[in-house]
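See structure below.
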Amino acid sequence: MTRLAIHADLLDFCAEPESAQLESAAVRFRPAHWLLVEDGRIHSVQSQAPDAAQWPCVDRSGHLLLPGFIDTHVHSAQMPVVASWGAQLLDWLNTYTFPAEAALADPAVAQASAQQFVRALLAHGTTTALVFPTVHAGACEALFEQAHARGMRLVAGKVLMDRHAPAGLCDVSLGQAERECADLIERWHGRGRIAYALTPRFAATSSAAHLHMAGRLLASNPGLYMQTHVAENDAEVRWVAELFPQARSYLDVYARAGLLNERSVLAHGIWLDDTDRAVLRDSGAQVAHCPSSNLFLGSGLFNWAQARAAGVKVSLGSDVGGGTSLSMQRTLAAAYQVQALQGERLTAWQLLHAATRGAALALGLGDEIGTLDVGRVADVCLWRWASSELAAQRQAHAKDLHERVFAWLMLGDERDLRQAYVAGQPQLLEAPAC
Ligand code: GUN
Ligand code: ZN
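The numbering of the sequence shown is this note's numbering, which starts it at 643 and goes up by one.
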């Protein structure tokens, strides 16, 4: 039996926070409490110090302890091309992204990339992610190995492409792509905390037959996920309409291939219409909103309030390398700004909830991650309330909890992270406290 007790300011959610409420019963703040972890799961929370002979204690008084962040859309092979200048989506893919992904045909590159990526996720306080590796089965395998070795909850699948990409990034044949997926599913789906996601990159790089093959595999096992991109950029939307003239909309291309269910995660969704939103709601599929990417690539402004009003589930993705940071704090700050440009002010509670409990529930993982409830896996992160002079001054000036947490989100980044725990196991070499 392994045990651990951490003392910090505990913050999580017991319900979904209401819009525009700065004081919310959904927020559970337990300052100066102990989180007790036994065999990787949360055993209890208490204000009294536990018996140190029974519980090895980590006293991080004055630090913030949150459930680990959940990033529902990110590309593991794109770290080398993050912050590439001057292009919108389709040019950006051809100029920067596809060449970077092609390098992962080399198993040694794929191995190093997977290792760096998983380490980087944890160093940003992200303990669960939905990841696009590359078309190479070996790159997907390397990613699974790295996450599995750390006991991480990770959802990924080899990227599927059979057209409109360089030859080295296209599946050689439909049969081979199907066999590679089936083989990865058999060996990895449900192993430890790994889950497989059918991963057709987007409608423009898959033929209808290719998408239908992914749909058949998705239907073959009820636990599988599906991830793709949809309606991100206007030129992309027009191109997909030309490629699939029989489809009612971009989203309809996926619906026709049987790719929409409650474990489907579609990145962006900026240019959807009311019918699309109703289809998403009825299927239970979710949008991974990627605000940093949408701003950086100039893709457009996702309307979160409209999605919420239509009953569509929304989670948050960093979308590195279209997005410019793996930090979910930076991602949430961008989400606030994107909504502010449309006249909507999200609270810190709505933002933080979407990247923790909300994402966990949307993924069907609410019993495992996303909160500090007893019995959940202890995927938790310890944060400094402030790392810079500016942030420290702002914290000192804050009048209430919402102000503190909002400032922490807007001003913070991975430099605030003190430790990330996966199933109670510390993942980072700790730098000295400031
Ligand atoms: N659409 C298709 N592929 C990609 C990708 O790698 N990044 C983003 N942001 N959009 C895409
Ligand atoms: Zn993406």
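Glycine included, every Cβ here is placed at the ideal spot set by N, Cα and C.
Just so you know, these numbers come straight off a predicted model, no measurement behind them.
For the beta strand (DSSP E) that contains residue i, what are its first and last residues?
i      : result
SER686 : 683 to 688
HIS613 : As shown, the chain starts at 643 and ends at 1076. That puts residue 613 outside it, with no answer to give.
VAL773 : 768 to 774
LEU908 : 906 to 910
Report back the beta-carbon spacing between residue i and residue j to the nearest angstrom; my notes put them in contact at under 8 Å.
i      : j       : result
MET794 : ARG835  : 6 Å
GLN971 : LEU1051 : 5 Å
ARG702 : LEU1024 : 5 Å
VAL929 : LEU939  : About 17 Å; that fails the 8 Å criterion.
ALA927 : SER906  : 4 Å
What is the DSSP secondary structure of residue i, counted as helix, strand or coil?
i       : result
GLY1066 : coil
GLN984  : coil
ARG843  : coil
GLU680  : strand
CYS1076 : Annotation note: pLDDT 48 at CYS1076 (below 50); position unreliable, coordinate value reported separately. Looking at CYS1076 - three-state DSSP - the assignment turns out to be coil, as it is neither helix nor strand.
ARG835  : coil
MET721  : helix
ARG890  : coil
VAL962  : coil
CYS1023 : strand
GLN818  : helix
ARG645  : strand
ARG805  : coil
ARG1018 : coil
ILE827  : helix
THR714  : strand
ALA1001 : helix
HIS778  : coil
ASP1042 : coil
ALA587  : Here the chain comprises residues numbered 643 to 1076, so residue 587 is not present and cannot be evaluated.
ASP1058 : helix
Hey, would you say the C-beta of residue i is under 8 Å away from at least one heavy atom of ligand 2?
i      : result
PHE759 : no
HIS705 : no
PHE740 : no
PHE774 : yes
HIS717 : yes
ASP813 : no
GLY959 : yes
HIS871 : yes
Are the Cβ atoms of residue i and residue j separated by less than 9 Å?
i       : j      : result
SER960  : CYS932 : yes
HIS910  : ASN936 : yes
GLY900  : HIS854 : yes
ALA809  : THR776 : no
GLY1012 : THR998 : yes
ALA845  : PHE886 : yes
ALA952  : ASP916 : yes
VAL773  : LEU802 : no
VAL716  : GLY965 : yes
ARG843  : PHE786 : no
LEU840  : CYS812 : no
LEU1070 : LEU731 : no
ALA1001 : ILE648 : no
LEU652  : PRO673 : yes
Please confirm whether any heavy atom of ligand 1 lies closer than 8 Å to the CB of residue i.
i      : result
HIS931 : no
GLN720 : yes
ALA909 : yes
SER935 : yes
GLY964 : yes
GLU878 : yes
PHE944 : no
HIS806 : no
PHE886 : no
THR847 : yes
ARG702 : no
ARG890 : no
LEU853 : no
ARG972 : no
In the DSSP assignment, the alpha helix (DSSP H) including residue i goes from what residue to what residue?
i       : result
TYR952  : According to the sequence as given, residue 952 is Ala; it is not Tyr. Element bounds for ALA952: n/a, residue is neither H nor E.
TRP991  : 990 to 996
SER661  : Run containing SER661: none; DSSP gives neither H nor E here.
THR917  : 916 to 925
ALA750  : 749 to 765
LYS869  : Sequence inspection shows Gln at residue 869; the Lys mentioned does not correspond to that position. Premise fails: GLN869 lies in the beta strand (DSSP E), 867 to 872, not in any alpha helix (DSSP H).
ALA930  : Run containing ALA930: none in the alpha helix (DSSP H); it sits in the beta strand (DSSP E), 928 to 931.
ALA798  : Not the alpha helix (DSSP H): ALA798 falls in the beta strand (DSSP E), residues 795 to 798.
PRO741  : 740 to 744
ASP733  : 731 to 734
LEU1032 : 1031 to 1039
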